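2 protein chains.
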Amino acid sequence: MFNKISMNPERIQKIIRKKKIDALFVSNLKNLRYLTGFTGSSGFALITKDKGIFFTDFRYKEQSAYEVKDWEIFIEKGKRANTIRRIFSKLGIKKLGFESSVSYIIFDLLRKNTTEMVPQKNLVERLRTIKNEEEIGKIKRAVQRAEEAFLKVKPFIRPGASENGISLRLEYQLKKSGCREIPFNAIVASGKNSSMPHAKPTNRKIQGGDFVIIDWGGESDGYFSDMTRTLLMDANDISEKKKIYGIVNSAREKAIMTAKEGVKAKEIDAAARDFIKQEGYSGFFGHATGHGVGLDIHESPGISMQSSESIAGSMVFTVEPGIYIPGIGGVRIEDMVTIQNGSAIILTSLPTELEIVKKR
Amino acid sequence: MFNKISMNPERIQKIIRKKKIDALFVSNLKNLRYLTGFTGSSGFALITKDKGIFFTDFRYKEQSAYEVKDWEIFIEKGKRANTIRRIFSKLGIKKLGFESSVSYIIFDLLRKNTTEMVPQKNLVERLRTIKNEEEIGKIKRAVQRAEEAFLKVKPFIRPGASENGISLRLEYQLKKSGCREIPFNAIVASGKNSSMPHAKPTNRKIQGGDFVIIDWGGESDGYFSDMTRTLLMDANDISEKKKIYGIVNSAREKAIMTAKEGVKAKEIDAAARDFIKQEGYSGFFGHATGHGVGLDIHESPGISMQSSESIAGSMVFTVEPGIYIPGIGGVRIEDMVTIQNGSAIILTSLPTELEIVKKR
């Protein structure tokens, strides 16, 4: 069950040479996993112009021997500070690249053992945005597990059921479908609660006329999936709600159609946002249209107004426009897509047409 | 359902004056929650000699008004970097204390807006080790929920059941008992798997003669609980296993008896470790005897050989010795205790006598 995806240090060494630094220090656990394949919770990597060394302590000796290929493995004895002091002095590292997300404690330790510190913002994170076939395979399985779990829970999404009860069942089924961890607590937001984009499930019972937003994710080998569907409970006057749903669903489609290799991420956001505005709901879509998904549930690229990123082949991200009207309720529809041969392929497969749950 | 525990800024202001710094910057979310009561995911606090200001963005306007008492609330407009620049210049902050756990990015932003940076290692974390009555009440509820969930699952812990299946049921029951989050995935380790202290559940089916270690935690209002019980499946020759269990249980008792106000944490560790050594199992207890529990599942004090901390009244921590023999299996028994009127009170209430699960 170990993640075998890892990277030959040579790819990072090319970047180091280009940046004219002696070495790169990596300790963010997701970045470390991406580079070396290591899934444990303590370690770091040091990539110099001609070496790729992975460091961990004795607890992970066996595991790292199994997981970490293509890298020299160094099992630390004693304090990490001493390991770093010795190895930096031995290798003569003077100009060090480091993740700008590192803690001050680590930064301070590193700067005491080198001459020049060069912060690297999102260096490995940028590599991670481009998924290879194996990674996309894992994400697809994470989607499949999420969808399988949802279909088992769907019959219970009806008037009288509580948000908490549905969320609980969904998490249970996610684990049962094979997810070893869940990326976030499943959101179930009904009626007036559905107008808050980040509502936590409550004991509220679903009623006729409610929108019910379900936002959940699955996992496979450390890779996540993220999706949202909104159901409508039948009632006498649901015509405006049907209209709102239709607008969100069209916004989703327009965004996906815009998602192509080479476009700016903010153009995808604009496609959804402008359509919602044009339909008269401009003040009611207050979050970003999407985000990258992989080893982290939220990663690059950001699909938002502020994003400065461009879309490239083999990126994986969500498209999730919504309309939220206080007192009435909200709709969000979230698909995951990947860019293949220039255009978006939808990874999620549950239908997005409006489903109206009839009274029994 | 919001956590109402918070601290008047005056307590921090006393510390600031003593440390001769102009202000303290706090952004660790658990520390922020502890100080201000804020449970959201974005904000920071600035405590100067005469002000306690809490900053967050518009998404948390309503929530912070409800949660954050005794603090001035400032709703940020635009980028956090600009907020910091303006407020530091307005208040004339020259000598700034900051959490040494902060990221390099924040550190770098802060140092550009002040003259002197004074790292503070575990300043708020140290305050958090001493729990007040309300916090202990929340921890007790977290224990109660964990125990309630365990008792529902216990009948299923028997030969033929899989580790994964038990872990899954336990997590389901934890959520059902009211836990809004689970501090860590429930560990269920049987037979030879039980000799690895941090084993993840597998599809292995429990067999006669197995030790089954269950290590799990509950939650209430953001506060966690953590406990472990080990059951033994009946078989013909379990006499050595009974003996090992007895040694671990006595080690647990000896450690708890040693846990008194004023002792060094490492004396508690030694009480368990020395007893296990004296009984002939010295190489088979490779982890610390315990750790503090509160808003974090692992916090100060560390109850280990290396610990330099002393035990004080109203601390809450685990006592969890174990013996792990490769190929045979392992035993760990974990209670949570708090120090009241000088001595340890056990917060966990499930019995620790050996339970042998008979064949049916």
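So the protein lines, in turn, are chains A and B. Each residue of the first sequence is one higher than the one before, counting from 4 in this note's numbering. Each residue of the second sequence is one higher than the one before, counting from 4 in this note's numbering. Glycine included, each C-beta is placed from N, C-alpha and C at the ideal position. Remember, it's a predicted structure, so these values are computed and weren't measured experimentally.
Rounded C-alpha distance that separates residue i from residue j
{"i": "threonine 351/B", "j": "alanine 149/B", "result": "9 angstroms"}
{"i": "glutamate 323/A", "j": "alanine 291/A", "result": "8 angstroms"}
{"i": "serine 45/A", "j": "aspartate 299/A", "result": "18 angstroms"}
{"i": "methionine 120/A", "j": "threonine 86/B", "result": "27 angstroms"}
{"i": "glutamine 210/A", "j": "proline 12/B", "result": "44 angstroms"}
{"i": "asparagine 116/A", "j": "phenylalanine 91/A", "result": "6 angstroms"}
{"i": "lysine 208/B", "j": "arginine 363/B", "result": "16 angstroms"}
{"i": "leucine 112/A", "j": "threonine 118/A", "result": "12 angstroms"}
{"i": "lysine 97/B", "j": "threonine 341/A", "result": "49 angstroms"}
{"i": "glutamine 3/B", "j": "glycine 43/B", "result": "Residue 3/B is absent from the model: chain B starts at 4 and stops at 363."}
{"i": "glutamate 70/A", "j": "threonine 39/A", "result": "8 angstroms"}
{"i": "valine 360/B", "j": "arginine 183/A", "result": "28 angstroms"}
{"i": "glycine 2/A", "j": "asparagine 167/B", "result": "No answer is possible for residue 2/A: the residues shown for chain A start at 4 and end at 363."}
{"i": "asparagine 2/A", "j": "valine 296/A", "result": "What is shown of chain A runs 4 to 363, which leaves residue 2/A out entirely."}
{"i": "serine 228/A", "j": "glycine 305/A", "result": "16 angstroms"}
{"i": "tyrosine 37/B", "j": "lysine 22/B", "result": "21 angstroms"}
{"i": "lysine 93/A", "j": "alanine 273/B", "result": "37 angstroms"}
{"i": "glutamate 256/B", "j": "phenylalanine 278/B", "result": "10 angstroms"}
{"i": "glycine 181/B", "j": "serine 170/B", "result": "17 angstroms"}
{"i": "phenylalanine 47/B", "j": "glycine 95/B", "result": "18 angstroms"}
{"i": "threonine 59/B", "j": "tryptophan 74/A", "result": "43 angstroms"}
{"i": "leucine 353/A", "j": "arginine 172/A", "result": "19 angstroms"}
{"i": "lysine 80/B", "j": "valine 215/A", "result": "32 angstroms"}
{"i": "lysine 267/A", "j": "serine 311/A", "result": "7 angstroms"}
{"i": "threonine 51/A", "j": "arginine 88/A", "result": "16 angstroms"}
{"i": "phenylalanine 5/B", "j": "alanine 68/A", "result": "Because the pLDDT at phenylalanine 5/B is just 39, under 50, the model does not fix this residue reliably, and the point stays unresolved."}
{"i": "glycine 330/B", "j": "aspartate 213/B", "result": "11 angstroms"}
{"i": "valine 127/A", "j": "lysine 72/A", "result": "18 angstroms"}
{"i": "histidine 301/B", "j": "histidine 294/B", "result": "6 angstroms"}
{"i": "serine 30/B", "j": "phenylalanine 57/B", "result": "10 angstroms"}
{"i": "glutamate 337/A", "j": "glutamate 282/B", "result": "59 angstroms"}
{"i": "leucine 234/B", "j": "serine 313/A", "result": "56 angstroms"}
{"i": "lysine 33/A", "j": "glutamate 243/B", "result": "42 angstroms"}
For residue i, the residue or residues it bridges with in DSSP
{"i": "phenylalanine 101/B", "result": "Phe28/B, Pro122/B"}
{"i": "isoleucine 314/B", "result": "Bridge partners of isoleucine 314/B: none, in fact."}
{"i": "tyrosine 327/B", "result": "Gly333/B"}
{"i": "glycine 305/A", "result": "His294/A"}
{"i": "tyrosine 226/B", "result": "Ser223/B"}
{"i": "alanine 48/A", "result": "Val29/A, Phe57/A"}
{"i": "alanine 274/B", "result": "None; alanine 274/B has no bridge partner."}
{"i": "arginine 232/B", "result": "Ile217/B"}
{"i": "phenylalanine 320/A", "result": "Gly295/A, Val340/A"}
{"i": "alanine 347/A", "result": "Ile342/A"}
{"i": "arginine 208/B", "result": "Here the sequence assigns lysine to residue 208/B, which means arginine is not the residue at that position. Partner(s): Ser165/B."}
{"i": "isoleucine 359/A", "result": "Leu235/A"}
{"i": "serine 92/A", "result": "Paired residue(s): none; serine 92/A is not in a bridge."}
{"i": "isoleucine 106/B", "result": "The sequence as given places serine at residue 106/B; isoleucine does not occur at that position. In the DSSP output, where bridge partners are listed per residue, serine 106/B has Ser106/A."}
| query | Quick check: the region 128–139 of chain A against the region 310–324 of chain A, are there 3 or more CB pairs under 8 angstroms? | reply | yes
| said: Assess contact between the region 103–118 of chain B and the region 98–106 of chain A, defined as three or more Cβ pairs (one per stretch) separated by less than 8 angstroms. Is contact present? | reply: yes
| query | In chain order, what residues of the region 118–138 of chain B put their CB closer than 7 angstroms to some CB of chain A? | reply | Pro122
| said: Could you check whether the region 139–159 of chain B touches the region 193–200 of chain B, counting it as contact only if at least three pairs of C-beta atoms, one from each stretch, sit closer than 8 angstroms? | reply: no
| Going along the region 171–187 of chain A in order, which residues come within less than 8 angstroms of chain B, judged by CB to CB distance? | Leu171, Glu174, Tyr175, Lys178, Lys179, Arg183, Glu184
| query | Counting only runs that start and end within the region 127–204 of chain B, where is the beta strand (DSSP E) found for 3 or more residues in a row? | reply | 190–193
| request: Determine contact between the region 255–275 of chain B and the region 344–363 of chain B, defined as no fewer than three beta-carbon pairs at a distance below 8 angstroms. | output: By the C-beta criterion, the region 255–275 of chain B is judged to be in contact with the region 344–363 of chain B, since at least 3 inter-stretch pairs fall below 8 angstroms.
| said: I want to know whether the region 168–182 of chain A touches the region 213–231 of chain A - three or more CB-CB distances under 8 angstroms. | reply: yes
| In the region 93–112 of chain B, which residues sit with their C-beta less than 9 angstroms from some C-beta in chain A, listed in chain order? | Phe101, Glu102, Ser103, Ser104, Val105, Ser106, Tyr107, Ile108, Ile109, Phe110, Asp111
| query | Does the region 138–146 of chain B come close enough to the region 325–336 of chain B that 3 or more CB-CB pairs lie under 8 angstroms? | reply | Taking 8 angstroms as the limit for Cβ pairs, the verdict is that the region 138–146 of chain B does not touch the region 325–336 of chain B.
| task | Jot down the residue ranges of each uninterrupted alpha helix (DSSP H) in the region 54–83 of chain A, minimum 4 residues, whole runs only, in chain order. | result | 64–70
| What are the complete beta strand (DSSP E) segments, minimum 3 residues, inside the region 240–270 of chain A? | none
| query | Hey, is the region 46–64 of chain B in contact with the region 154–169 of chain B, meaning 3+ C-beta pairs nearer than 8 angstroms? | reply | no
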